Structure formats: C-alpha cells, structure tokens
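In terms of full-length UniProt numbering, the sequence shown opens at residue 1 and continues consecutively. Taking it in order: structure first as structure tokens, then the write-up.
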Amino acid sequence: PFLLLRSLDLTGPLFLGGVPNTPDNFPFHTREFIGCMKDLHIDNSLLDLAGYIANNGTLPGCSAKSPFCKSNPCQNGGTCRVSWETFSCDCPLGFGGKDCSHVMPHPHRFLGNSALWWDLKNDVTISTPWYLGLVFRTRAREGTLLQAQAGQYTSLVFQLVSGQLVFSVTKGSTRPVRLRLDQVQVSDGRWHDLQLELRDVRSGRETRYVATVRLDFGLFQGTVIVGNEIHGLKVKHLHVGGVLGSGEVQNGIRGCVQGVRLGVRPDAPLLPRPSKAVKVETGCSVGNPCVSSPCPPYSRCSDDWERHTCLCEPGFYGKGCKDACQLNPCENNAQCHRKPSSSHGYICDCGDNHYGQYCQHRIDHQCPRGWWGSPTCGPCHCDASKGLDPDCNKTSGQCHCKVTCSLWHTHSLISAVTTRTDNQLIS
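As structure tokens, then:
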C-alpha cells in the first residue's frame, strides 16, 4: 500500500540560495545558487523577500549578466559564451581548459565497441591531494568513460547513467561508494571538462578521505567520503571509453575523449600514448548530418554534432516548417499575411475593431470619426481635398480613398500622401 502525504511539517529555518556551515557528508552537494529569484509562494501565500532575518551577499533586483566575453578570454580560436558570474569557452579540437589555453593531444573517437588501455605498471601512487581528469563529448546516455584499477581489488569508475555522470569506488565485494551529478545532463554533444580530486580531511584524531568531482570547472560538483583504504594504492591499469576485457570491450560509449591526466597536481602532465587501442579512431570527426538534406522546405539545417536541427524560416513553424498562416493563428476573423521582416514572419490584419498580435483584443473605446488609436485617440490627418476619406483605419491610422481611386489622376494620388509617417495611402 502507498501512503499519500498531504502535508510537510518543517521546523527548521528557510534558506534561499545556499546552506551555510554544512559538513562534507551533507546530502546536498550543490550549496550555492547563482541567479535571481522572485515570487516565492509558501502555502499559496506570497513571501516578502525583503523580510529576511539574515542576508549574506544577496542584492535586490536582477541586473543583467556581466559582459565577461568582452575581453575575449578564449584563446586558440575558442568561442566565448556568457553565463552567470562567469564565462565558458567552446574550444576547438586539441585545446581545453577554462580559456582553451591548454593543449589536449591525442583526441580519440569511440564507437561503442572501442577502448583505450594504459598499463601504468604500478608507477602511479594515490596520495593526497591526487587528481584524475579528462575532457569528453558524447550523445550516449549509458557507458563507461573511465575506469582506474588501483591495487588488487579497488576500482575508480566514471560512467554515464541515463545521461548523467556517476562516480563510484568499488572495493572488492563491498558495496560501492557512489556519487551522481543529477543536476545536469552530459549527453548533449558538448565538450565537458571532468576532474576528480582526492584529499584528506582531519577531524580531531580521525582522518577521512574525500572525493570531489568537478564538472566544467566547478559549474557542477559533488563530494563523497571514500574511506581511507584507497590512500597509498598503486594504479595498475586505466581504461577509457569502455572496459577492455578478454578481447572484447564492455560497456563502451560513443563519443570523443581527450586530455586524460592523473597526478598530484590539477595540471598534471597528460598521459602518453595508450598501451593498447581497440577500434578507436584518431581525432573527433563525425561527419556533417546536413549533407543528406534532411530538412523540409522553408528551413535550414544546423549541424549539432551527431545530430541535426531544422531551423524554420520566419513565418514557418513546427516539425514540417508549415506556413503559419495555414495554421490560422489570427483570431476574430482577422486575415493572416506573410511578412518575413516582422518578428514572427507574419502579421494579422485586425480590421477596425480589434488589435494585438493575433487580433485577440477588442477595441473597447471607439475613437470618433476622423480619429484613430488605442487606448489614446489621435487625428487621422487624411486630406479630404485629395479624395481621401477623413475617417482612417481605427487600428493603424492608414488613409483610404473616399471614392474609387481610378477616378483620380496619378499626380493627384502622389500628392495626396500626408506628411505623417503613421499614415499610408491604400488604393
């Protein structure tokens, strides 16, 4: 049987944006929020955000993001993108780091049945601090990114589970220690920088060993206690892209990896060429999915790395990029007209009694004859001596002929255009 909970009794204080003074084993690993909040409701009641008991560094309002890309921080041809309180760089292949300044030799592409294997011959000892990292991109939702075998029975594993990054430490038959970065999907085809830091934390006479996983230079991170058995172990083998078993690759991924590194510094030297490579391609070339022209008419194809997106032209919408006017978006019997220069690629001709993007609003206050506009009326400025009706369009202010335009000479029509830029002559 299931128990339906209709209420939640909370006795502690309410924190917004962060949790102060938390221990390393606190169940929530992301403790600091960067961004803006508004309209907080509790029990259907609006909470006054200015009525706080304590404030630690928050500011009223929500100012625009700072122009972090203005100084062109990305090197080696990287493309800068602004995010909250920082920037990120889309680096070209072979480069990485926060600003694309680090050379990343030996990029490789994995096909799901591929793997790289290093025999480290017990030359690498896990001490504190100790770092392990790589840079990857993938669309796969399942598979092993990296597995390091330390000692005889211990393994450190990074894998993808449902598109999320999971770190685990397995020691023989004991239950593995696991950490899951569930706040972000990494199977998005973008390059992601992954770093593991092992350090010791002393509490009185007790020393605990803590693993911190940082994704994209700390944009996402988590911490887990791994125990003290791992300290001092020697790394024997390293698997990347899958686990190389007896001739077959197990739990392999599709994607690219570069910049594999481990050592006692975060900028440890990159590993040399692997001892063995199974069905691995050099580089990270996946081809252009737009070559086969997969998109419908009135659209263009965008190469999004191992997949494509069809971007409709203005005025066309949906999976098949259908003409918006065929979908009849205008209300109240208004007429739809294609207009690529407008913000939506089309406009609705509302007539005299309605207004709005879809002509969804009725003009409640009708302007008197010879005036137009909403909600404030203004004069029409239509010259009756030129054959124009002094009563213009109530929505747009456009002038129109009072009599059949063919009765007027061309010279008279040209001179009938008013000096007011709002008014246009309609024949």
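A virtual CB, placed ideally from N, CA and C, is assigned to each residue, including glycine. Since the structure is predicted, the reported quantities are computational estimates derived from the model, not experimental observations.
Could you name each continuous beta strand (DSSP E) segment of 3 residues or more that falls completely within the region 85-148, going from the start of the chain to the end?
List check, beta strand (DSSP E) in window: 86-90, 108-111, 115-125, 130-138.
For the beta strand (DSSP E) containing glutamine 159, name the first residue and the last one.
Counting along the chain, the beta strand (DSSP E) containing glutamine 159 begins and ends at 154-161.
Nearest CA to the CA of glycine 356: which residue from Gln335, Ser162, Arg369?
Checked all of Gln335, Ser162, Arg369; the closest Cα to glycine 356 is Gln335.
Over what stretch of residues does the beta strand (DSSP E) that includes alanine 211 continue unbroken?
Alanine 211 -> beta strand (DSSP E) spans 206-215.
Measuring straight from C-alpha to C-alpha, what distance separates leucine 327 and aspartate 303?
Cα-Cα distance, rounded: 28 Å.
What's the gap between the Cα of threonine 174 and the Cα of phenylalanine 167?
Going from the Cα of threonine 174 to the Cα of phenylalanine 167 covers about 16 Å.
Within the continuous beta strand (DSSP E) that includes leucine 198, where are the two ends?
Run containing leucine 198: 192-203, per the beta strand (DSSP E) assignment.
May I ask which residues mark the beginning and end of the beta strand (DSSP E) holding arginine 265?
That residue, arginine 265, is in no beta strand (DSSP E); it is neither H nor E in DSSP.
Measuring straight from C-alpha to C-alpha, what distance separates cysteine 377 and proline 368?
The straight-line gap from Cα to Cα measures roughly 8 Å.
Can you grab the Cα-Cα spacing for the pair threonine 125 / valine 264, in whole Å?
Going by the C-alpha atoms only, they are around 9 Å apart.
In this structure, does DSSP put serine 83 in helix, strand or coil?
DSSP places serine 83 in strand when its eight states are reduced to three.
In the structure shown, what three-state DSSP assignment does valine 291 receive?
DSSP places valine 291 in helix when its eight states are reduced to three.
May I ask you to verify whether the region 283-295 touches the region 306-313, counting CB pairs closer than 8 Å and requiring at least 3?
The region 283-295 vs the region 306-313: in contact.
For glutamate 85, which residues in the same chain have their Cβ closer than 7 Å to its Cβ, ignoring the five residues on either side in sequence?
Result list for glutamate 85: Ile34, in chain order.
Can you tell me whether threonine 58 is buried or exposed? The criterion is at least 16 other CB atoms within 10 Å of its CB, across all chains shown.
Burial call: exposed.
Taking only the alpha-carbon atoms, compute the straight-line gap between glycine 370 and alanine 384 and give it to the nearest angstrom.
Rounded to whole angstroms, glycine 370 to alanine 384 spans 11 Å at the Cα level.
Would you list, in sequence order, the uninterrupted beta strand (DSSP E) runs of no fewer than 3 residues that lie entirely inside the region 303-335?
Segments of the beta strand (DSSP E) lying fully in the region 303-335: 308-312.
For lysine 171, does the three-state DSSP call read helix, strand or coil?
Residue state, collapsed to three classes: strand.
Using the rule of at least 16 other Cβ atoms within 10 Å of the residue's Cβ for burial, across every protein chain shown, is cysteine 147 buried or exposed?
The amino acid at residue 147 is misidentified as cysteine; the sequence shows glutamine. Buried, since its Cβ has 16 or more Cβ neighbours within 10 Å.
Who are threonine 395's beta bridge partners in DSSP?
BP columns for threonine 395 are empty, so no partner.
Please work out which residues of its chain come closer than 7 Å, Cβ to Cβ, to lysine 322, disregarding the five sequence neighbours upstream and downstream, and give them in chain order.
The answer, listed in chain order, is Phe316.
DSSP three-state label for alanine 277, please.
Three-state result, alanine 277: strand.
I'd like to confirm the pairing. Which residues does DSSP put opposite alanine 150 in its beta bridges?
Paired residues: Thr154, Val235.
Taking glutamine 250 as the reference, which of Cys380, Glu142, Val135 has the closest Cα?
Closest option to glutamine 250, Cα to Cα, is Glu142.
How big is the Cα-Cα spacing for residue 449 and leucine 271?
Residue 449 lies beyond the residue range present for the chain, which begins at 1 and ends at 427; the question has no answer from this structure.
On the CB-based measure, 16 or more other CB atoms within 10 Å of its CB, does asparagine 393 come out buried or exposed?
So asparagine 393 ends up on the buried side.
Work out the CA separation of valine 201 and glycine 133 for me, nearest whole Å.
Computed Cα separation, rounded: 21 Å.
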